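Student: In full-length UniProt numbering, the protein residues as written are 1 to 102.
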């Protein structure tokens with residue numbers, strides 16, 4: 001699994017200009033089963049994405065299509081971890097061999 005920290009590198013006005021496109025991108029990856037949770041960081045310095053287990057190259061390819069990344073508004077910091085325990089509802093997201101959508 002992954003924790004992805006999005007660190008803003010542009011003024012908030014530039015971020016706001018691409019926010020709708022970014023939200024559509026996030027929704028696309030929820031629908032595909034790639035993302036488990038997302039949200040704003042506090043204080044507002046960026047965002048966090050929790051992504052299911054998958055090959056790292058696949059995640060990096062997904063992140064490269066983020067409108068924020070395409071317009072060089074954020075820097076993505078990817079932290080990979082092996083979930084040894086989860087609540088039962090999240091177990092399938094920790095298994096890289098489990099289908100993204102059931």
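No residue lacks a Cβ here, since even glycine has one placed at the ideal position from N, Cα and C. Since the model is a prediction, treat every value here as computed from it, not as a measurement.
Between which two residues does the beta strand (DSSP E) harbouring residue 40 extend?
Tutor: Position 40 of the chain shown, counting from 1, holds the residue named residue 40. Residues 35–40.
Student: On a Cα-Cα basis, can you pick out the residue from 80, 89, 26, 17 that is closest to residue 47?
Tutor: Along the chain shown, one-based indexing puts residue 47 at 47. Per the Cα distances, 26.
Student: Any contact of the region 75–85 with the region 47–60, i.e. 3+ C-beta pairs under 8 Å?
Tutor: Cβ pair count under 8 Å is three or more, so yes.
Student: Where does residue 76 fall in DSSP's three states?
Tutor: Mapped onto the chain shown, residue 76 falls at position 76. Three-state result, residue 76: strand.
Student: Going along the chain, which residues of its own chain have a beta-carbon closer than 7 Å to the beta-carbon of residue 71, five neighbours each way excluded?
Tutor: Position 71 of the chain shown holds residue 71. Answer for residue 71: 18, listed in chain order.
Student: Could you spell out the range, first to last residue, of the beta strand (DSSP E) harbouring residue 3?
Tutor: Counting from 1 along the chain shown, the entry for residue 3 is found at position 3. Residues 2–8.
Student: For residue 86, I'd like the list of residues in its chain whose CB is within less than 8 Å of its CB, leaving aside the five on either flank, ordered along the chain.
Tutor: Locating residue 86 in the chain shown gives position 86, counting from the first residue. So the list reads 93, 94, once near-sequence residues are dropped.
Student: Given a cut-off of 8 Å, decide if residue 50 and residue 35 are closer than it, judged by their beta-carbon atoms.
Tutor: Position 35 of the chain shown, counted from the start, is the residue given in the question as residue 35. Position 50 of the chain shown, counted from the start, is the residue given in the question as residue 50. Contact flag set, yes.
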